[in-house]
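Residue numbers (the working numbering), protein chains in the order written: chain A, 2 to 266; chain B, 2 to 266.
Everything on this sheet refers to the single structure shown next.
Protein chains: 2
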Amino acid sequence: VILIKQTIDIILTVDKMSELILYYWPINFRGHLIYCLLDYVNISYTIVSTSDLLTLKNAAPKDCLANFMAPPLLHDTSNNLYLAQTPAIITYLARKYNLYPNPENPMKVALAEKTIHDCSDCLAGLTRNNGAEMWTKEAWDLFSTTRLVRWLQIFENTATEQGLKINEGFFLGTTSITFADLVIVATFHTMEWALGDTIGDILRTNAPKMMALTDRIVTSNEILSTKFQSYKGTVVYCGGFIEQSLRSVLAGGDGATGDVPIPTK
Amino acid sequence: VILIKQTIDIILTVDKMSELILYYWPINFRGHLIYCLLDYVNISYTIVSTSDLLTLKNAAPKDCLANFMAPPLLHDTSNNLYLAQTPAIITYLARKYNLYPNPENPMKVALAEKTIHDCSDCLAGLTRNNGAEMWTKEAWDLFSTTRLVRWLQIFENTATEQGLKINEGFFLGTTSITFADLVIVATFHTMEWALGDTIGDILRTNAPKMMALTDRIVTSNEILSTKFQSYKGTVVYCGGFIEQSLRSVLAGGDGATGDVPIPTK
Chain A
2 VILIKQTIDI ILTVDKMSEL ILYYWPINFR GHLIYCLLDY VNISYTIVST SDLLTLKNAA
62 PKDCLANFMA PPLLHDTSNN LYLAQTPAII TYLARKYNLY PNPENPMKVA LAEKTIHDCS
122 DCLAGLTRNN GAEMWTKEAW DLFSTTRLVR WLQIFENTAT EQGLKINEGF FLGTTSITFA
182 DLVIVATFHT MEWALGDTIG DILRTNAPKM MALTDRIVTS NEILSTKFQS YKGTVVYCGG
242 FIEQSLRSVL AGGDGATGDV PIPTK
Chain B
2 VILIKQTIDI ILTVDKMSEL ILYYWPINFR GHLIYCLLDY VNISYTIVST SDLLTLKNAA
62 PKDCLANFMA PPLLHDTSNN LYLAQTPAII TYLARKYNLY PNPENPMKVA LAEKTIHDCS
122 DCLAGLTRNN GAEMWTKEAW DLFSTTRLVR WLQIFENTAT EQGLKINEGF FLGTTSITFA
182 DLVIVATFHT MEWALGDTIG DILRTNAPKM MALTDRIVTS NEILSTKFQS YKGTVVYCGG
242 FIEQSLRSVL AGGDGATGDV PIPTK
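Right, here's the structure in full:
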């Protein structure tokens, strides 16, 4: 049991099993960016229950060391750091586990950090800002043939300019893997894994080198390859009505919720 | 004149006047996060015309080294880096101009980076995701008394826990200024400066130490103090219909566009 602040009564039920504790909804989506990084470096982490997450999320900021608005939230118990905001969590962990590009190349460092934000924008676009609006067939047809394609061209061109080849290399042409590679896996390999071949075809047509890179990374890593083998095509993505709407348009429907059941795993 | 790629015909009209060239809309908003950082360290930069920005933004990614979706976009001509995404631009410039917290304190580094994302979320909240929806009186009353207040408490508590005092210190309790302080100035001092005392009162009531910090930083820096003196209360904020809607609810209106004129400076 972890006591968040001794002077008040927020008590979570999580046992301290790992050095790293993650608070996130029971979906993949943004949390996967953190999970894939930790899985790749084989660091164990504990994901707390949704009720513990809600306890912390609904606490007044002054009563809660977490100081956060929304998950994902990382608690690194080794230095008692509570850290929200996916990009900040990723760069923190990348420093901790030596996944940054060489600091002597500030351009690659900058492009690696940009990659997180580009991926985050893609996730927001795919879910119409986390479900602020539902998909219609018209909106999906437009997005999937224009803005999504431009995003994929941006990723593919960046990688090509930095030195990625179809059969070898890393996203930013680095000599070893960086967090940018793992963010790309977590965003695009997950997207195809959870949502299936309709979106996978769009990804592979417009960003073939990037998708081949994700295949190589997943295949070469035992934890990631096991993770992405399980549940293929039957895995929850972003959850909520927007996942139902997204799965509807991907299946050729009109985006109405309730058309397509959401996986429960 | 800068030739973007020699093999194709995208030619911009900007003269190379500064090492740093910025592409952004003629508003303050997110661009201010970059301008305030550069102003503080007294580094000159050139802001290109909107037509040059549009030329680059509308180019196919493969024809354009910029590889970006939306401004702000930085071109650092010293190493020919084109870099989009506000948080990535800020951390790149913070490394370049020594505005990072001491790397021996990874917690402060992480919280400084989190600060950028928290500020960015506040800007998105204040503009209903960059104008995706207009304000109504009801929506504003709810936001300004709940979510906005929670954001301000998050900032104020973080700063207090890290060591900020009402009359001295920096946002994360560092011994010298960091990019987190300048992002706070750019977000909240700008908000009050451009939008006036209705929002200023909310900021100062809920985050008094943070706002006192912004006052100290602006007062102590000649370029920032000159910048924030000019045009006070008559300066464009985020532009577009959403600025009209925001100014309407701030003036007690119902959020209808056209109620309140937007400043042109």
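Ideal Cβ positions, reconstructed from N, Cα and C, are used throughout, including at glycine.
What you are looking at is a predicted structure, and each value in this text was computed from that prediction instead of being measured.
What's the C-alpha gap between B:Val2 and B:Met18? Note that B:Val2 scores 41 on pLDDT, short of 50, meaning its location in the model is unreliable and no value can be drawn from it.
Per DSSP, B:His76 is paired with what? B:Ile22, B:Tyr83
Kindly indicate which three-state DSSP category A:Thr47 falls into: helix, strand or coil? strand
Nearest neighbour of A:Asp142, chosen from A:Gly253, A:Asn29, A:Pro262, A:Pro264 [CA to CA]: Answer by Cα proximity: A:Gly253.
Taking only three categories from DSSP, how would you classify A:Pro27? A:Pro27: coil per DSSP, three-state reduction.
Would you please verify whether the beta carbon of B:Arg31 is less than 9 Å from any beta carbon of chain A? Cβ-Cβ to chain A under 9 Å: no for B:Arg31.
For the alpha helix (DSSP H) that contains B:His190, what are its first and last residues? Annotation for B:His190: no alpha helix (DSSP H) segment contains it, and DSSP assigns it neither H nor E.
Using the Cα positions of B:Val237 and B:Leu247, report the straight-line distance between them to the nearest angstrom. 12 Å
Identify the contact partners of B:Leu82 in chain A, using a Cβ-Cβ distance below 9 Å as the criterion. Pro107, Met108, Ala111, Leu112
Nearest-angstrom Cα distance between B:Leu165 and A:Ser50? 34 Å
Can you find the residues in the same chain that come closer than 7 Å, C-beta to C-beta, to A:Thr161, ignoring five residues on each side of it along the sequence? Excluding its 5 nearest sequence neighbours in each direction, A:Thr161 has C-beta neighbours in its own chain below 7 Å: Lys210, listed in chain order.
Three or more C-beta pairs closer than 8 Å, one from the segment 145–158 of chain B and one from the segment 65–72 of chain B: is that the case here? no
Can you find a CB in chain A that lies within less than 9 Å of the CB of B:Leu34? no
Check each residue of the segment 84–107 of chain A: if its Cβ is closer than 9 Å to any Cβ of chain B, include it; give the result in chain order. Residues Leu84, Ala85, Gln86, Thr87, Pro88, Ala89, Ile90, Thr92, Tyr93, Arg96, Lys97, Pro104, Pro107.
Under 8 Å, CB to CB, which of the residues in the segment 43–72 of chain B have a partner in chain A? Ala61, Pro62, Lys63, Leu66, Asn68, Phe69, Met70
Look at A:Lys115 and B:Ala89 and say whether their C-beta atoms are less than 9 Å apart. For A:Lys115 and B:Ala89, yes; Cβs fall inside 9 Å.
Near A:Asn131, what residues of its chain come up, given a Cβ to Cβ distance below 8 Å and the 5 sequence neighbours on each side ignored? Ala125, Cys239, Ile243
Could you give the distance in angstroms between the alpha-carbon of B:Lys6 and the alpha-carbon of B:Leu75? In this predicted model, B:Lys6 has a pLDDT of only 42, less than 50, meaning its place in the structure is not dependable; the value taken from the coordinates is given anyway. Their backbone Cα atoms lie some 17 Å apart in a straight line.
Using Cβ-Cβ distances below 7 Å, what residues of the segment 135–153 of chain A are close to chain B? Only those residues of the segment 135–153 of chain A whose C-beta falls short of 7 Å from the nearest C-beta of chain B are listed: Arg151, Trp152.
Which residues mark the beginning and the end of the alpha helix (DSSP H) in which B:Pro107 is found? 107–127
Using only alpha-carbon positions, find the residue among A:Pro62, A:Leu153, A:Leu183 that is nearest to A:Ile117. Between A:Ile117 and the set A:Pro62, A:Leu153, A:Leu183, the nearest pair of CA atoms involves A:Leu183.
Measure the CB-CB distance between B:Leu112 and B:Leu38 and report whether it falls below 9 Å. Contact: no.
Chain B contact residues for A:Asn207, given Cβ-Cβ distances below 9 Å: In chain order: nothing, as chain B lies at least about 10 Å away.
For the segment 150–228 of chain B, which segments carrying the alpha helix (DSSP H) assignment without a break, of at least 4 residues, lie completely within its bounds, in sequence order? 180–185, 191–196, 198–207, 209–221
Is B:Glu139 buried or exposed, if buried means 16 or more other CB atoms sit within 10 Å of its CB? exposed
Rounded separation between A:Ile178 and A:Gln154 - CA only: 22 Å
Proximity below 9 Å, CB of B:Ser145 to CB of B:Ile203: It is a contact, given that the beta carbons lie within the stated cut-off.
Mind reading off the beta-carbon distance from B:Thr78 to B:Cys123? Whole number of angstroms is fine, and I expect it under 8 Å. At roughly 32 Å, the Cβ-Cβ gap does not stay under 8 Å, so B:Thr78 and B:Cys123 are not in contact.
From the beta carbon of B:Ala187, is the nearest beta carbon of chain A less than 9 Å away? Not flagged as an interface residue toward chain A: B:Ala187, since no C-beta distance is shorter than 9 Å.
Could you have a look at A:Ala60 and say whether DSSP puts it in helix, strand or coil? coil
Neighbour flag for B:Asp122 against chain A, beta carbons, 9 Å: yes
Backbone CA spacing between B:Gly32 and B:Tyr25 [nearest angstrom]: 7 Å
What residue range does the alpha helix (DSSP H) around A:Ser249 cover? 241–251
Rounded straight-line distance, which links the Cα of A:Tyr41 to that of A:Val219: 9 Å
Residue environment, B:Ser231, which counts as buried when at least 16 other CB atoms sit within 10 Å: Counting the other CB atoms within 10 Å of its CB gives B:Ser231 a total below 16, which places it among the exposed residues.
If you draw a straight line from the alpha carbon of A:Ile48 to that of A:Lys58, how long is it in whole angstroms? 15 Å
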